Every structure is written in C-alpha cells, then in structure tokens.
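In our numbering, the protein residues as written are 284 to 488.
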C-alpha cells in the first residue's frame, strides 16, 4: 500500500524506528552523492529523487505532469526497496554496478532496477553512492532520451501521441455508432413498412 504522506519527513515519521533508521542511512548516502539538479520529494507514495521540470520540462514520458524519476526509496511489508532507474536501460551502467557490487562479496537481490534488502548490512553503500554520483541530471536525461528513441518513443511527444490516438479512436467509434442504426432498429423499421398480405378467397362453383 502506498503512503499518503505529503513530505519525506512525514513518510519517515510513519515508519517503525528500526525501519526508519535503515531508510535514513540510505537516504544520507543518496543525498551526499546527488547532483544538485535533482530534487528530493514524495513521488508515487515513495521517497523520490527526480529531475524537476525546471531542468527537464518534458517530464516523465509515461506521465509528463510528473518529473522524471531517477531513484526511489520505499519501505515495503517485508523489505526495503531502492529503485535506481539510472541503471535500467543502460547496459554499461548496469554491468558496472553488478561488477562493483560483486567485488564487495555481498549478495545482490535485484530486479530490473529494484534493489531489495532487509537490513543495512545487506547493502554495498559505497557502490550505491558511486552509482548515484556517476549520473548527474543532464547525463541521465540524455541517456533516457537515447533509450526512448531506441524504442521509437520521445519523452517530449510520446504522451501527446498517445492522447491523440485515444481521442481519434473515440471519435471514430462515435461516428461509427451514429452512422449506422442498430440491427433492432432496422428490423422494426422493415416490419413497420410491410403491408399485410391479402387473404386468398375461393370461388364457389
């Protein structure tokens, strides 16, 4: 369940003390290495680190009203999640990250961009800090644009194209329904236009 907290401080205050201590430690590492063009705030019910619209007006291609996400930190039911979008879609960054983590001897529990952990000792904090530092906001934006273009999308126009396509489909459906009457209406019209047949009469012989 996503938190409804409006601020990072309120989000942390909701957590049990032990879980809060873990998130605060990871948060400190992120903030220490975060490029100044990023901002911290609540995003999608998590502690978010993102490229604000003042730096990247196009915003998040899935929802341009949202700033472009870079990393997120969240307390889940059974573990803590650290989402690092900077290593998703960038094979070079991902390979570097996995190799650097492996050198620490710690086990990496990771999906496409989500690192899952239960306690602070599970993390290679130096590697996380370096991963944050390696991607200043402008470099991250350029990498995102390249990734989207390789998939035939554009951060600036993708959302508008989707909205236009949806609007066009709605208009076509409306025209189609108004152009042709329903089968029931056709049947009633045909029935009403028919004249009753005359009864045949026999001649008396």
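For each residue, glycine too, the CB sits at the ideal point set by N, CA and C.
Fair warning: this is a prediction, and the values are worked out from it, not measured in the lab.
In the structure shown, residue 377 falls within a helical segment according to DSSP collapsed to helix, strand and coil. Going by DSSP, residue 399 is part of the beta strand (DSSP E) stretching over 397-400.
The shortest CA-to-CA distance from residue 302 to any of 420, 358, 381 and 409 is the one to 358. The beta carbon of residue 396 is closer than 6 angstroms to those of 366, 367, 368 and 371 in its chain, skipping five residues each way along the sequence. One thing to note: residue 336 has its Cβ within 8 angstroms of the Cβ of residue 342. Here residue 306 is buried: its Cβ has 16 or more other Cβ atoms, across all protein chains shown, within 10 Å. With respect to the 8 angstroms criterion, residue 347 and residue 333 are not classified as neighbours on the basis of their beta carbons. Here residue 286 carries a coil assignment [DSSP, helix/strand/coil]. In this structure, residue 326 places its C-beta atom within 8 angstroms of the C-beta atom of residue 355. Rounded to whole angstroms, the gap between the alpha carbons of residue 409 and residue 432 is 32 angstroms. Assignment of alpha helix (DSSP H) within the stretch 293-381, counting only whole runs of 4 or more residues, yields 300-316 in chain order.
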